[in-house]
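Asks:
Protein chains: 2
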Amino acid sequence: MKITLAQLNYHVGNFDRNSRLIIDTINQAENEGSDLVVFSELSLTGYPPHDLLEYREFIDNCNRYLEIIAGHCLSTGAIVGAPAINMGESGKKLFNAAWFLTDGKIKDVCFKSLLPTYDIFDEYRYFEPSTDFNIIEFKGKKLAVTICEDLWDEQDFDHDFASSRMYSISPMEELAKLHPDLIINISASPFAYTRTESKKEIFTAKAKSYRLPLIMVNQVGANTDLIFEGNSMVVGPNGNIISLFPDFREHTESFELDNIIAGDNNSFNKAGKISMIHDALVLGVKDYFDKMEFNSAIVGLSGGIDSALCLCIASEALGPSRVRALLMPSMYSSRHSVNDAVELCNNLKVSYDIINIEDDFRSIESSLSGIMKDMPADTTEENIQARIRCILLMAVSNKFGNILLNTSNKSETAVGYSTLYGDMAGSLSVLGDVYKTDIYRLARHINKKSEIIPINIINKAPSAELSPGQKDSDSLPDYDVLDSILYQYIEQQKPVRDIKGEKVSQELVHRIIDMINKNEYKRFQAPPILRISNKAFGHGRRMPLVAAW
Amino acid sequence: MKITLAQLNYHVGNFDRNSRLIIDTINQAENEGSDLVVFSELSLTGYPPHDLLEYREFIDNCNRYLEIIAGHCLSTGAIVGAPAINMGESGKKLFNAAWFLTDGKIKDVCFKSLLPTYDIFDEYRYFEPSTDFNIIEFKGKKLAVTICEDLWDEQDFDHDFASSRMYSISPMEELAKLHPDLIINISASPFAYTRTESKKEIFTAKAKSYRLPLIMVNQVGANTDLIFEGNSMVVGPNGNIISLFPDFREHTESFELDNIIAGDNNSFNKAGKISMIHDALVLGVKDYFDKMEFNSAIVGLSGGIDSALCLCIASEALGPSRVRALLMPSMYSSRHSVNDAVELCNNLKVSYDIINIEDDFRSIESSLSGIMKDMPADTTEENIQARIRCILLMAVSNKFGNILLNTSNKSETAVGYSTLYGDMAGSLSVLGDVYKTDIYRLARHINKKSEIIPINIINKAPSAELSPGQKDSDSLPDYDVLDSILYQYIEQQKPVRDIKGEKVSQELVHRIIDMINKNEYKRFQAPPILRISNKAFGHGRRMPLVAAW
Chain A
72 MKITLAQLNY HVGNFDRNSR LIIDTINQAE NEGSDLVVFS ELSLTGYPPH
122 DLLEYREFID NCNRYLEIIA GHCLSTGAIV GAPAINMGES GKKLFNAAWF
172 LTDGKIKDVC FKSLLPTYDI FDEYRYFEPS TDFNIIEFKG KKLAVTICED
222 LWDEQDFDHD FASSRMYSIS PMEELAKLHP DLIINISASP FAYTRTESKK
272 EIFTAKAKSY RLPLIMVNQV GANTDLIFEG NSMVVGPNGN IISLFPDFRE
322 HTESFELDNI IAGDNNSFNK AGKISMIHDA LVLGVKDYFD KMEFNSAIVG
372 LSGGIDSALC LCIASEALGP SRVRALLMPS MYSSRHSVND AVELCNNLKV
422 SYDIINIEDD FRSIESSLSG IMKDMPADTT EENIQARIRC ILLMAVSNKF
472 GNILLNTSNK SETAVGYSTL YGDMAGSLSV LGDVYKTDIY RLARHINKKS
522 EIIPINIINK APSAELSPGQ KDSDSLPDYD VLDSILYQYI EQQKPVRDIK
572 GEKVSQELVH RIIDMINKNE YKRFQAPPIL RISNKAFGHG RRMPLVAAW
Chain B
72 MKITLAQLNY HVGNFDRNSR LIIDTINQAE NEGSDLVVFS ELSLTGYPPH
122 DLLEYREFID NCNRYLEIIA GHCLSTGAIV GAPAINMGES GKKLFNAAWF
172 LTDGKIKDVC FKSLLPTYDI FDEYRYFEPS TDFNIIEFKG KKLAVTICED
222 LWDEQDFDHD FASSRMYSIS PMEELAKLHP DLIINISASP FAYTRTESKK
272 EIFTAKAKSY RLPLIMVNQV GANTDLIFEG NSMVVGPNGN IISLFPDFRE
322 HTESFELDNI IAGDNNSFNK AGKISMIHDA LVLGVKDYFD KMEFNSAIVG
372 LSGGIDSALC LCIASEALGP SRVRALLMPS MYSSRHSVND AVELCNNLKV
422 SYDIINIEDD FRSIESSLSG IMKDMPADTT EENIQARIRC ILLMAVSNKF
472 GNILLNTSNK SETAVGYSTL YGDMAGSLSV LGDVYKTDIY RLARHINKKS
522 EIIPINIINK APSAELSPGQ KDSDSLPDYD VLDSILYQYI EQQKPVRDIK
572 GEKVSQELVH RIIDMINKNE YKRFQAPPIL RISNKAFGHG RRMPLVAAW
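Residue numbers (this note's numbering), protein chains in the order written: chain A, 72 to 620; chain B, 72 to 620.
1. Report yes if the C-beta distance between A:P599 and B:Y126 is below 8 Å; otherwise report no.
2. Output yes or no for whether 8 Å exceeds the beta carbon distance between A:N621 and A:L315.
3. Name the DSSP beta bridge partners of A:T75, please?
4. Would a check of beta-carbon distances place B:V413 closer than 8 Å to chain A?
5. With a Cβ-Cβ cutoff of 8 Å, do A:A412 and A:A385 count as a contact?
6. For a cutoff of 8 Å on Cβ pairs, would you count A:T295 as touching chain B?
7. Buried or exposed for B:G472, going by 16 or more other Cβ atoms inside 10 Å?
8. Mind checking who A:E208 pairs with in its DSSP beta bridge?
9. DSSP puts B:M287 in a beta bridge; with which residues?
10. Tell me which residues share the same chain as B:P533 and place their Cβ nearer than 8 Å to its Cβ, disregarding the 5 neighbours each side in the sequence.
11. Looking at the secondary structure, which residues open and close the alpha helix (DSSP H) in which B:F360 lies?
12. Please name the residue, chosen from B:L352, B:S373, B:Y403 and B:S404, that lies closest to B:E387 on a Cα-to-Cα basis.
13. Are B:S482 and B:S500 close, meaning C-beta to C-beta below 8 Å?
14. To the nearest whole angstrom, what separates the beta carbons of B:D252 and B:K212, a pair I think is in contact under 8 Å?
15. Under 8 Å, Cβ to Cβ, is there at least one residue of chain A near B:P400?
16. Can you grab the Cα-Cα spacing for the pair B:G310 / B:N527, in whole Å?
17. Taking A:P154 as part of the beta strand (DSSP E), name the residues at either end of that continuous run.
18. Looking at the C-beta of A:P154, does it have a partner C-beta in chain B at a distance below 8 Å?
19. Taking only beta-carbon atoms, is B:I517 less than 8 Å away from chain A?
20. Relative to the C-alpha of B:R594, which candidate in B:I273, B:D494, B:R395 and B:D509 has its C-alpha closest?
21. Let's see if you can read the secondary structure: which residues bound the alpha helix (DSSP H) around B:G441?
22. Is the CB of A:G503 under 8 Å away from at least one CB in chain B?
23. State the beta-bridge partners of B:V370 as determined by DSSP.
24. Is A:W620 close to chain C? Criterion is C-beta to C-beta, closer than 8 Å.
25. With 8 Å as the threshold, decide whether the Cβ of A:P251 is near any Cβ in chain B.
26. Quick one: does B:F209 have its CB under 8 Å from some CB of chain A?
27. Using alpha carbons as the reference points, say which of A:C416, A:V421 and A:K519 lies closest to A:R393.
28. Under 8 Å, with one C-beta from each stretch per pair, do the segment 326-336 of chain B and the segment 264-277 of chain B reach the 3-pair mark?
29. Going by C-alpha distance, which of A:S105, A:I455 and A:S538 is nearest A:M72?
30. Between the C-alpha atoms of B:L380 and A:K357, what's the straight-line distance to the nearest angstrom?
31. In this structure, what does DSSP give as the bridge partners for B:D424?
32. Applying the 10 Å Cβ sphere with the 16-neighbour rule, what's the burial state of B:N89?
33. Looking at the unbroken alpha helix (DSSP H) that takes in A:L475, where does it start and where does it end?
34. Would DSSP call B:I529 helix, strand or coil?
35. For the segment 488-538 of chain B, which segments carrying the alpha helix (DSSP H) assignment without a break, of at least 4 residues, lie completely within its bounds, in sequence order?
36. Can you find the residues in the same chain that come closer than 6 Å, C-beta to C-beta, to B:I348, ignoring five residues on each side of it along the sequence?
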């Protein structure tokens with residue numbers, strides 16, 4: 072049996088595009104003599120469809136397109152992910168399903184049993200967990216078809232609580248009783264740099280434990296905040312990895328089942344953390360623009376490292392001709408800021424404009440003078456500068472259709488060192504899940520071959536340049552100390568008393584966590600943030616606003 | 072047996088405040104000879120605690136305070152809602168629990184079985200559904216303790232799909248087998264004007280069906296977007312309502328069980344829809360400020376009806392001395408706008424300032440002239456005006472600590488007739504779940520006794536006044552037509568083909584729905600919206616941004 076794994080990039084709700092992609096792949100596989108083509112979880116709808124699943128019309132469309140796709144499966148069989156209506160008397164309205172299509176018809180269906188409902192996942196919002204387990208028989212082989220989380224039954228919690236396993240059922244344990252020849256897992260498993268190794272282990276362990284060959288097909292591409300790395304896998308019955316599909320790009324490849332069973336372990340040179348984050352962010356920006364059919368981007372360039380890195384990523388994702396920069400120095404901008412920013416634009420071949428905001432600042436100041444009288448300057452005046460820049464960026468965006476990219480990093484987003492309706496503005500936050508210490512690593516990664524980002528931008532002390540002589544270090548600890556506290560609290564969800572590290576006192580931990588909690592209200596209004604960790608700000612982290620904690 | 076129902080207002084995560092409230096009520100009930108005091112669902116944490124439940128420290132605090140509260144229960148028993156750690160080998164880490172405290176100790180606990188995971192509810196994100204059912208025995212009575220959704224097993228879906236019931240288990244059916252004397256339901260059921268009648272029916276039907284007395288205790292008060300109306304109930308075994316607690320305020324009252332069983336049906340004059348919405352919004356603003364310890368509010372007053380209504384509600388919630396208004400006319404403001412706004416401030420005794428934004432607009436325009444050249448004016452210039460107003464409002468907010476209230480209504484929020492980082496700014500959206508047609512009804516409701524809102528504000532044709540002679544009706548259908556389409560699509564989730572009404576063509580429906588979908592990205596960055604319907608923008612409506620639909 073020849074099996075084709077189709078690691079493809081889907082667009083949520085775009086049935087025309089997704090079904091065309093699926094049908095083209097089926098036709099090609101059929102031409103190449105493949106017996107079975109496997110697509111990823113909810114491939115027909117794209118993942119995640121969110122509340123579109125609540126609209127009857129959306130589900131009717133799924134069924135209609137599924138019939139069309141089935142019409143293209145002749146001798147070849149296909150496994151396609153799409154929701155199924157729950158025809159039972161009770162329960163949630165839908166199942167998350169793997170449809171088996173062949174002979175021009177819908178032949179069989181398997182339902183997902185374990186529904187991730189944590190972090191960015193909301194599957195129990197829509198789907199009934201299945202308690203029936205069935206095998207698909209095709210061309211003399213028995214296929215155990217599982218959907219993503221179905222094989223993750225043994226995952227541990229990230230942090231210490233009473234129970235050790237999230238699920239009470241093991242779908243594969245049930246399916247094993249039916250003596251399958253092959254485990255198939257269709258996934259929609261988003262990228263997190265903290266999870267790349269553990270993902271591999273889950274599939275190799277399952278194959279080994281049941282002494283069965285296993286194929287896993289993941290989707291690739293970005294849908295708003297979520298970026299899927301692909302990394303589909305073919306695993307032999309000893310847990311040996313026969314094939315690991317590439318990161319962050321579409322890939323379709325076929326394998327003979329006998330060769331999977333007999334195959335040797337192959338070694339794969341995985342990219343490092345920073346390289347994967349870089350590729351994820353580039354794909355995140357690219358897909359956002361491609362799928363929204365946006366033509367071009369605008370970035371406000373301060374001369375600092377965050378906006379410089381953001382411009383590099385945008386330029387790589389879209390090409391320099393589809394990106395423009397706006398430099399908006401004020402009376403507090405350092406001498407080098409404009410020069411550094413201009414040099415960066417020249418290096419990237421990105422066009423730029425310069426508007427000095429001093430006059431606009433004086434005009435606003437004068438408008439407010441009747442109310443403010445002679446009150447001393449404070450963060451009010453700093454915020455006014457950030458908000459004037461937002462007006463200018465959005466004006467260019469509105470007039471020319473350049474989509475504004477937000478350049479805030481995760482460290483400042485965490486502690487609230489950013490201005491709502493100012494530098495927090497943008498359609499998409501490119502770096503909002505990247506800690507400042509990793510911002511530097513990414514900048515050096517980009518400069519590996521040649522100095523694209525002027526070294527001065529990397530070396531200067533971080534400053535918002537909103538008041539005379541201001542430095543980030545005036546009011547924040549060093550970024551390696553800060554990021555270590557943030558990571559332990561946000562990603563690892565450690566209790567305050569367990570947050571430790573060099574130069575980390577309990578007083579500092581309390582001060583930082585207080586800043587995080589006090590700024591939930593700002594993050595509530597932040598743009599969607601490209602997610603690269605296991606706990607990004609946004610949908611996956613739902614903290615109350617009105618709360619005393 | 073004398074039973075006390077405690078309808079109280081909790082603050083999420085504020086264990087000191089919540090436990091003090093609970094202990095004071097227990098002490099008072101004990102003094103009055105009550106046998107049992109019943110508090111609402113998750114009363115100790117406040118509802119909804121969201122991801123605070125994922126922090127081990129938060130749960131440890133729950134347990135610690137629960138012990139303290141138990142120490143105050145002597146002869147009186149108390150039922151308190153708080154999470155419980157799942158001590159089993161598998162499953163989610165917590166149960167949503169009702170704790171039974173008496174004799175100074177934690178005596179017993181019941182776990183929630185049906186976990187709402189739809190709209191604003193995410194309970195399966197945190198809790199394991201219980202499959203065990205136990206009765207609490209106390210002073211010779213058997214108590215069937217249920218938690219909110221546990222009695223909602225028969226609820227229908229709002230719209231047509233295959234299965235007719237969301238849940239496969241009926242907790243009360245299981246508990247009935249244990250022959251209870253009384254049904255207790257502890258709730259955290261937020262207000263929606265569409266649901267007040269159906270809520271009552273659920274409890275009267277359950278009491279009648281099991282021929283048992285029933286008490287339901289709901290929390291009251293607002294936590295960010297969610298407003299809880301209270302309306303706790305005492306129902307006799309014939310389904311007769313013995314007592315219906317007031318809307319939107321704390322209330323504690325005791326009942327003899329024998330009197331509940333023997334009691335007659337009482338009739339209750341319920342407030343109408345508009346009156347309830349009004350009271351909900353006032354409480355929503357009040358609790359937001361009280362619980363966040365914010366002193367005062369600022370409202371940008373345009374002379375239009377939305378900001379006028381918002382100012383009235385803020386003034387009622389906080390008192391006029393804790394509210395200030397800012398009038399920011401431009402060259403496009405109509406002659407009456409400033410006069411009407413000033414008259415309103417005088418009627419309310421709210422202080423105001425006036426800043427003409429024309430100079431700031433000219434300054435920004437001049438800054439942009441190098442880039443814009445002689446391009447014709449479009450929405451860019453309209454947005455600049457809205458964003459200058461945002462800068463001024465936020466500057467006053469930053470300098471004086473007045474919290475900005477957002478004044479957008481649901482109709483314009485739906486179709487995107489508002490400026491991101493402009494009039495979409497604010498800490499809290501007061502009217503974002505109120506359709507324009509209801510905005511008028513609320514204004515007339517406020518003017519019932521005397522003309523607080525100048526009649527000219529109510530009668531003038533709606534206009535954003537951002538370009539010469541602009542009227543909402545230039546590009547939108549009449550608001551009664553628009554709101555009818557919006558309601559059918561948003562609240563009722565009807566398929567496009569089923570959206571009908573006077574002056575409603577399929578072309579118009581398509582155009583409006585297209586506007587709704589295209590503006591998801593704006594609403595993603597909107598402030599939290601006080602929720603008064605069964606489907607508000609925000610947490611309860613999760614639509615994908617990058618999607619073709």
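Every residue gets a Cβ at the ideal spot worked out from N, C-alpha and C, and that includes glycine.
Replies: Let me spell this out:
1. No, the Cβ-Cβ distance between A:P599 and B:Y126 is not below 8 Å.
2. In this structure chain A extends from 72 to 620, so residue 621 of chain A is not present and cannot be described.
3. For A:T75, which the question treats as bridged, DSSP gives the partners A:V108 and A:S325.
4. So no, B:V413 is outside the interface.
5. No. Outside cutoff.
6. True, the Cβ-Cβ gap to chain B drops below 8 Å.
7. Exposed: under 16 other Cβ atoms inside 10 Å.
8. Answer is A:K213.
9. Answer is B:N256 and B:M304, bridged to B:M287.
10. Around B:P533: G375, I376, K507, K542, D543, S544 and Y550.
11. Taken as a continuous stretch (DSSP letters only), the alpha helix (DSSP H) holding B:F360 covers K344 to M363.
12. Checked all of B:L352, B:S373, B:Y403 and B:S404; the closest Cα to B:E387 is B:L352.
13. Cβ distance not < 8 Å, so B:S482 and B:S500 don't count as in contact.
14. With a Cβ gap of about 5 Å, B:D252 and B:K212 count as contacting.
15. Not one beta carbon of chain A lies nearer than 8 Å to the beta carbon of B:P400.
16. B:G310 and B:N527: Cα-Cα distance of roughly 49 Å.
17. Run containing A:P154: G148 to I156, per the beta strand (DSSP E) assignment.
18. False, the Cβ-Cβ gap to chain B never drops below 8 Å.
19. So no, B:I517 is outside the interface.
20. For B:R594, the closest alpha carbon among the candidates B:I273, B:D494, B:R395 and B:D509 is that of B:D494.
21. In the DSSP annotation of this structure, the continuous segment of the alpha helix (DSSP H) that includes B:G441 starts and ends at E429 to M443.
22. Chain B contact via Cβ: absent.
23. In the DSSP output, where bridge partners are listed per residue, B:V370 has B:A396.
24. The structure shown has no chain C; the protein chains it does contain are A and B.
25. No, its Cβ sits nowhere closer than 8 Å to a Cβ of chain B.
26. In terms of beta-carbon proximity, B:F209 stays away from the interface with chain A, with every pair separated by 8 Å or more.
27. The shortest Cα separation from A:R393 among A:C416, A:V421 and A:K519 belongs to A:V421.
28. Put simply, the segment 326-336 of chain B does not touch the segment 264-277 of chain B. Fewer than three CB pairs are less than 8 Å apart.
29. Ranked by Cα distance from A:M72, the options A:S105, A:I455 and A:S538 are led by A:S105.
30. So the two alpha carbons sit approximately 43 Å from each other.
31. Looking at the DSSP assignment, B:D424 forms a beta bridge with B:L397.
32. Sixteen is the threshold: when 16 or more other Cβ atoms of the shown chains lie within 10 Å of the Cβ of B:N89, as they do, the residue is buried.
33. Careful: A:L475 lies outside any alpha helix (DSSP H), inside the beta strand (DSSP E) at N473 to N477.
34. Residue state, collapsed to three classes: helix.
35. Within the segment 488-538 of chain B, the complete alpha helix (DSSP H) runs of at least 4 residues are 507-517 and 526-530.
36. Once the five neighbours on either side are set aside, the close Cβ partners of B:I348 are Y264 and I603.
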